[in-house]
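What follows is a set of notes on a single structure, which appears directly below.
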Amino acid sequence: MFDLQLEHSDKFDLQLQQQEVQHQNGIDSPQPIQQQQQQFLDFSTNNTSSSSDWGGNSQNPNFRNNIVSSNGEQDLNQEQKNMSAVRHSRDQIREMKKVFKHCPHPNQEEREKMSRVLGIAPIQIKFWFQNKRNQDKIMQEHRQNNLLRQENARLRIENEMRNEKLKNTICLHCKGPVSIGKMCFNQNKIRIENARLKAEIEKLSGVSRNHINAVESDYDITSSMIGELYYDGNDPFGSLLTPYFDKQKIVELAMVSMEELTRLTLAGAPLWISTNESESLNESEYIRVFPNVISPKHTGFISESSRESMIIFMNHVNLIKTLMNVNQWSAMFSDIVSKAVTIEVLSHGGLENYNGLVQVMSADFQVPSPLVRARENYFVRYCKKHQEGIWAVVDVSLDHLRPSSTTMPRSQRRPSGCLIQELPYGYSKVTWVEHVEVDHTTLLSNRFYNSLITSSLAFGAKRWVASLGRQCERLTCSIDTNVPTRDYCDNFQGRKILLNLAQRMKLCFSSIVGSSIESCWNVLTPDSHDVRVMSKTNTEPGTPSGVILNGGTSLWLPVLPKRLFDFLGNQNSRSEWNILSIGSIIKEMTHIRHGHDLGNYVSLFQVNNKNYMQNNNMLLLQDKSIDRTSSHVIFAPVDINSMNLVFNGGDPNIIALFPSGFAILPDGVQLSNGGPMLNSIGSGGCLLTISFQILVGLNPALKIENGWVEAAVNFIKNTCERIKVAMA
DNA sequence: TGAGAGACCCCCGTTACATCA
DNA sequence: GCTGATGTAACGGGGGTCTCT
9 MFDLQLEHSD KFDLQLQQQE VQHQNGIDSP QPIQQQQQQF LDFSTNNTSS
59 SSDWGGNSQN PNFRNNIVSS NGEQDLNQEQ KNMSAVRHSR DQIREMKKVF
109 KHCPHPNQEE REKMSRVLGI APIQIKFWFQ NKRNQDKIMQ EHRQNNLLRQ
159 ENARLRIENE MRNEKLKNTI CLHCKGPVSI GKMCFNQNKI RIENARLKAE
209 IEKLSGVSRN HINAVESDYD ITSSMIGELY YDGNDPFGSL LTPYFDKQKI
259 VELAMVSMEE LTRLTLAGAP LWISTNESES LNESEYIRVF PNVISPKHTG
309 FISESSRESM IIFMNHVNLI KTLMNVNQWS AMFSDIVSKA VTIEVLSHGG
359 LENYNGLVQV MSADFQVPSP LVRARENYFV RYCKKHQEGI WAVVDVSLDH
409 LRPSSTTMPR SQRRPSGCLI QELPYGYSKV TWVEHVEVDH TTLLSNRFYN
459 SLITSSLAFG AKRWVASLGR QCERLTCSID TNVPTRDYCD NFQGRKILLN
509 LAQRMKLCFS SIVGSSIESC WNVLTPDSHD VRVMSKTNTE PGTPSGVILN
559 GGTSLWLPVL PKRLFDFLGN QNSRSEWNIL SIGSIIKEMT HIRHGHDLGN
609 YVSLFQVNNK NYMQNNNMLL LQDKSIDRTS SHVIFAPVDI NSMNLVFNGG
659 DPNIIALFPS GFAILPDGVQ LSNGGPMLNS IGSGGCLLTI SFQILVGLNP
709 ALKIENGWVE AAVNFIKNTC ERIKVAMA
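Numbering-wise (this note's numbering), the first sequence opens with residue 9 and increments by one.
Below, the structure is given as structure tokens:
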């Protein structure tokens with residue numbers, strides 16, 4: 009650490025040490041310390057043998073500062089002259105900072121050693137460390153305060169919204185307004201108001217029906233309704249979609265769905281039924297209020313509906329931009345959305361915003377498990393600005409408009425989406441509605457996951473909103489300069505690089521962990537097999553080409569999701585589940601928080617084990633993330649030389665990432681109050697998906713042998729067994 | 001064995017000066 | 001050159017812990 013050589017006079021050291029001892033022993037010095045230091049200065053200037061100094065610089069100010077002279081007034085003037093030299097040099101501070109990182113409380117011996125090397129009195133080193141500890145503490149408190157202030161602002165807004173909502177809530181008994189601590193209004197007045205509202209609802213329903221009828225009978229594209237949507241009749245993206253008249257139907261369908269979604273987000277009971285902190289639609293009431301608006305339900309299909317609200321730290325403009333850009337949208341919801349594409353834009357909306365944008369899209373919706381079939385959807389997405397600060401984005405399936413010859417879809421989206429309300433300080437309130445009809449005979453294929461799916465925790469609004477909130481926190485942390493970070497990369501740029509790498513790793517993991525995988529993957533095990541093994545040729549530019557082998561499976565464990573998350577994310581317990589890391593010493597080099605919950609962070613580990621990390625030039629990048637509905641621990645080995653290149657301004661894409669890891673979901677059997685992931689739940693069970701990935705060879709033409717598949721299956725099974733034993 | 005004194009350390013707040021806009 | 005804000009080195013007081021008597 010102290011490799012800098014200093015020719016330092018022992019005489020000065022002795023005097024300084026004596027000075028410190030006297031000071032520490034409470035013996036009053038005949039002169040102030042600074043005056044004594046000035047005496048050292050005078051002594052120094054008269055003693056040529058002491059001219060060598062810090063780093064070969066004979067002008068070292070601190071060194072001069074430690075010198076004592078012996079006369080009075082003249083010294084004071086001299087002292088004032090040298091005040092500009094009171095501060096420690098950059099090199100000295102840098103070296104002390106290095107020590108501080110490992111040891112914020114150096115003992116006397118260590119201080120003396122530093123004193124000799126740095127040319128500062130031990131007492132000065134002691135002061136410096138004291139001040140540094142205080143500064144760090146103050147900074148830490150400052151950061152904590154900022155986080156708390158943000159949290160406070162969010163809670164205040166949420167509270168205001170709740171109060172507002174409460175004002176508008178209708179009492180189930182008397183149909184009147186509800187207020188805390190007050191009884192309902194005069195019943196006659198309430199009944200009159202109720203009748204008026206009912207009439208209004210009927211009227212609005214009539215408008216919807218008439219509207220649809222008008223669409224059925226009139227396909228004039230220049231009608232005032234469609235004109236509002238800026239539709240110009242041209243196909244800027246080519247005619248990928250459907251014949252001309254279908255597009256009019258789609259646009260009209262989008263508009264009607266928007267109306268339905270808006271009403272669904274604002275309605276209360278009896279349309280929505282509240283159970284266990286979640287809301288679902290009252291089916292009979294729904295049919296009464298929205299009769300045959302979209303399309304009849306397929307026989308045998310089951311409705312899944314849910315609604316959830318959340319205040320998120322993202323302004324409405326960015327949120328809408330994210331939702332309307334297919335790449336950003338699938339990245340934002342990477343653990344739910346896969347294979348998303350925009351097929352055709354039917355209307356481009358306003359020039360400066362997305363108001364009126366209508367686009368036809370397709371996407372697979374999945375849970376992170378190879379055992380659950382993904383839901384393929386073909387739908388239209390429409391964005392509309394309702395009034396200043398209030399926007400809505402709606403999706404609705406187009407499957408019923410497809411030619412009858414095509415395969416019957418296994419699920420379809422009824423009007424679903426979100427209402428976005430602009431809030432102060434860059435916040436938005438999002439009310440999310442998910443309403444789908446699903447063929448459970450084909451999509452409920454695994455008994456472990458059935459409860460999760462039917463509880464709406466897999467595909468419901470709660471999961472969408474939790475995922476959105478988590479991702480917003482992550483984005484905020486990546487641009488916040490006050491995020492707590494430890495060691496290795498303590499600068500903003502380095503932190504940003506690591507967070508981006510972790511995000512890339514997560515995207516890659518999400519794309520292979522579910523059942524909706526890209527066609528480039530070659531599945532090597534039969535569908536009936538517990539463990540799925542697949543391979544592909546890596547073609548990503550900048551990374552080593554070769555063959556990647558992936559193995560994955562899911563299992564149920566009788567433990568709380570949070571407990572499993574803590575276990576799998578803890579480097580000290582890694583050898584309990586990973587046979588390759590037994591005997592490893594894993595040291596965390598960097599720790600970057602990316603969320604309020606302490607479980608959300610990215611780490612960079614140094615692992616000294618050749619079995620595990622092939623060579624000493626590899627580090628382990630790990631991303632831990634948890635929200636109210638799911639959590640994951642994802643990790644990948646990264647080459648230390650490539651990392652250094654990237655930290656020095658190189659292209660991050662040169663870092664090859666082959667992520668492995670775990671996705672954890674609650675089993676959804678029985679939910680108590682609070683979030684299923686962060687708080688304990690009644691069921692006590694969770695669903696774990698394991699996915700391991702490895703580059704098996706650098707030859708792209710390599711043929712995968714059966715022995716490798718068997719080895720991969722055995723490795724996954726062994727890992728499962730180890731986790732089961734550890735959790736037992 | 002417990003009490004008291006002293007040494008040492010740390011935290012916290014303050015002061016004095018340097019630096020910068 | 002003056003001024004105010006901010007950063008930094010040094011200092012003092014209070015309190016805790018440990019050792020010795």
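Beta carbons are placed, not taken as given, at the ideal position from N, Cα and C, and that holds for glycine. Because the structure is a prediction, the values reported are computed rather than measured.
Short of 7 Å in beta carbon distance, which residues of its chain neighbour residue i, apart from the five on each side in sequence? Order them along the chain.
i, result
"residue 666", "556, 644, 701, 702 and 703"
"residue 354", "239, 255, 258, 259, 366, 367 and 368"
"residue 502", "655"
"residue 343", "376, 475, 518 and 638"
"residue 334", "348, 349, 350 and 369"
"residue 459", "675, 676 and 677"
How is residue i classed by DSSP in three states: helix, strand or coil?
i, result
"residue 131", "helix"
"residue 467", "coil"
"residue 784", "This structure gives no information on residue 784, because the portion of the chain shown stretches from 9 to 736."
"residue 647", "strand"
"residue 569", "helix"
"residue 341", "coil"
"residue 660", "helix"
"residue 698", "strand"
"residue 351", "strand"
"residue 293", "helix"
"residue 626", "strand"
"residue 318", "strand"
"residue 137", "helix"
"residue 421", "strand"
"residue 666", "coil"
"residue 109", "helix"
"residue 716", "helix"
"residue 585", "helix"
"residue 95", "coil"
"residue 547", "coil"
"residue 330", "helix"
"residue 529", "coil"
"residue 117", "helix"
"residue 594", "strand"
Can you round the beta-carbon distance between residue i and residue j to whole angstroms, since I take them to be within the 8 Å contact cut?
i, j, result
"residue 2", "residue 561", "Any property of residue 2 remains undetermined from this structure, which presents the chain solely from 9 to 736."
"residue 558", "residue 520", "6 Å"
"residue 569", "residue 664", "Wrong, their Cβ atoms sit about 31 Å apart, outside the cutoff."
CB-CB under 6 Å to residue i, same chain, minus the five flanking residues each way: which ones, in chain order?
i, result
"residue 754", "Residue 754 lies beyond the stretch modelled for the chain, which goes from 9 to 736, so this question has no answer here."
"residue 265", "402, 404 and 423"
"residue 472", "440"
"residue 425", "269, 401, 402 and 403"
"residue 510", "610 and 631"
"residue 481", "603"
Nearest to residue i by alpha carbon, out of the options?
i, options, result
"residue 309", "455, 462, 554 and 283", "462"
"residue 444", "464, 427, 482 and 527", "464"
"residue 693", "314, 376, 370 and 456", "456"
"residue 383", "505, 674, 372 and 632", "372"
"residue 389", "577, 262, 337 and 398", "262"
"residue 272", "306, 313 and 285", "313"
"residue 769", "544, 539 and 627", "Since the displayed the chain opens at 9 and closes at 736, residue 769 lies outside it and no answer follows."
"residue 168", "469, 554, 319 and 719", "319"
"residue 626", "615, 633, 636 and 634", "615"
What does a CB cutoff of less than 8 Å around residue i pick up in its chain, not counting 5 residues either side in sequence?
i, result
"residue 323", "430, 434, 435 and 436"
"residue 735", "565, 566, 567, 571, 572 and 575"
So does residue i have its beta carbon nearer than 7 Å to some heavy atom of the ligand HEM?
i, result
"residue 655", "The ligand HEM is absent from the structure shown, which contains no ligand whatsoever."
Can you name the residues that DSSP bridges to residue i?
i, result
"residue 609", "601 and 632"
"residue 311", "445"
"residue 671", "640 and 697"
"residue 440", "316 and 426"
"residue 281", "288"
"residue 472", "The partner list for residue 472 (beta bridge, DSSP) is empty, contrary to what the question assumes."
"residue 370", "349 and 386"
"residue 391", "401"
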